[in-house]
Every structure is written in C-alpha cells, then in structure tokens.
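Chemist: Pasting a structure here, questions to come.
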Amino acid sequence: DAKTTQPTSMDCAEGRAANLPCNHSTISGNEYVYWYRQIHSQGPQYIIHGLKNNETNEMASLIITEDRKSSTLILPHATLRDTAVYYCIVMVRATNKLIFGTGTLLAVQP
Amino acid sequence: DAGVIQSPRHEVTEMGQEVTLRCKPISGHNSLFWYRQTMMRGLELLIYFNNNVPIDDSGMPEDRFSAKMPNASFSTLKIQPSEPRDSAVYFCASTQQGMDSPLHFGNGTRLTVT
Chain W
128 DAKTTQPTSM
138 DCAEGRAANL
148 PCNHSTISGN
158 EYVYWYRQIH
168 SQGPQYIIHG
178 LKNNETNEMA
188 SLIITEDRKS
198 STLILPHATL
208 RDTAVYYCIV
218 MVRATNKLIF
228 GTGTLLAVQP
Chain S
5 DAGVIQSPRH
15 EVTEMGQEVT
25 LRCKPISGHN
35 SLFWYRQTMM
45 RGLELLIYFN
55 NNVPIDDSGM
65 PEDRFSAKMP
75 NASFSTLKIQ
85 PSEPRDSAVY
95 FCASTQQGMD
105 SPLHFGNGTR
115 LTVT
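Listed below in structure tokens is the structure:
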C-alpha cells in the first residue's frame, strides 16, 4: 500500500512556482521521502529525496515539515515540459523498493 | 551512458502466445526491478533482483509470469501463456544498491495481447 496522500491534479501557470503537497503521516524514522515524475509515455524520472532536512537540486526543492508528516515539492519556474504525473513515495532507502501511489497530475498552462 | 534499455518498445501478440520482454540495466548497477503499469492499477512492482538473485517476487501476478537475470547486464520477463489482461506497459529499472543512487527507469515495453 502506498503510504502517501496527494491531490489528484493541479494546475500551474507557466513561469510560476509549482508547489505539490504530499501527506505521509505514518512515516517511520528510517523512511525517506522520494519524488519521481512521469511524463506521458516515458518511464518515471527521479527528482529529489530527503530525510528531514530541506533539499534542493537543479530540478526542484523539497520542503519537509519538522514532524515529517508532510512535504512539498517546489518547481521554482514551471515550464510546459514539467506537465507530468508527480509521485511522492516514502521508502527505507536501503531497500530501493519503490511503491507508487496514484500521484498528482500537474498541468502547466501557457 | 545509454541508460536502461528495454526491448521491444512495442509488442502485439495473440492470446496464448509466449511473450519475452528484455532489459539491459545501466552498467555497474547491481539491482534490477520490473514494474507493470495499467490505467486501472497504476505502477506495480513485480519483482526485483540484487546481484542477479531474485529478492522479492511477491508482486508477480501468477505462475504464467517468470523473470530471470542470468548475468549483471541482462534480464528477461516472460509471460506464458499470455492473456488479454496482461496488456500493459512493462518498465525495467536499475540502481546501485547500497549507494545513494535513485532508480533509473527504461522507457518501457507496451504489450498488447489480443
């Protein structure tokens, strides 16, 4: 069973920041939060992951609340190519066993 | 790096036929995963290997499905006999177990069983 809850869909204007929320209220102390996305007809693509500190890379930022029960993925300047399904997954890092939920369909509008 | 390579990209077959899907993981990766994606069930983990050994096959739907990894650079997923409900996109992914390395996915094989 997926251990995360995400909105089914979201819209974002091109050039604006996209903030995608994720609830993981039953996360365990040794579980990381991972984000992947899947653009139509392609395999899922890794975006970012974190344990409890905020993380940033060239693609996105990940903000994890202090109690670790929720997180937000931020795409700072969304483009049309960011239209995809975004998956938030919690996982014990050593296993690499990703269990996907239903994700959030982000539609970036021109 | 060429990434994870899957073949064929598309496969159309008739019910009852044997289907073999192939995957070449990224060189140096020692863990390999097979996923299936359908509209109804989303992305499902079927089986994964560490160092060519199957670790967890609890997601394999039935005995008609089998997977092998004869060496570090090749894996197959076989369906025999195939059924229309097996129609899906099958993804292979690989990673370096034990390192801070994410899963890298191939572009999948779209299987249609008529």
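Respectively, the protein sequence lines represent chains W and S.
Following my numbering from start to finish, the first sequence increments by one per residue and tops out at 237.
Following my numbering from start to finish, the second sequence increments by one per residue and tops out at 118.
No residue lacks a Cβ here, since even glycine has one placed at the ideal position from N, Cα and C.
As the structure is a prediction and not an experimental result, all values here were calculated from the model.
What number of angstroms, rounded off, separates the C-alpha of residue 229(W) from the C-alpha of residue 50(S)?
Modeler: 17 Å
Chemist: Go ahead and pull the three-state DSSP assignment for residue 209(W).
Modeler: Residue 209(W) falls in the helix class under three-state DSSP.
Chemist: Quick one: using the 10 Å Cβ neighbour count with 16 as the cut-off for buried, is residue 44(S) buried or exposed?
Modeler: exposed
Chemist: Under DSSP, the beta strand (DSSP E) around residue 148(W) begins and ends at which residues?
Modeler: 145–150
Chemist: What residues of chain W sit near residue 107(S), judged by a beta carbon separation below 7 Å?
Modeler: 173, 223 and 225
Chemist: In chain S, which residues lie less than 7 Å from residue 229(W) when you measure between Cβ atoms?
Modeler: 46
Chemist: If you measure from the beta carbon of residue 95(S) to each beta carbon in chain W, is any gap under 8 Å?
Modeler: yes
Chemist: Ends of the beta strand (DSSP E) at residue 198(W)?
Modeler: 197–202
Chemist: With DSSP run on the structure shown, which of helix, strand or coil describes residue 68(S)?
Modeler: coil
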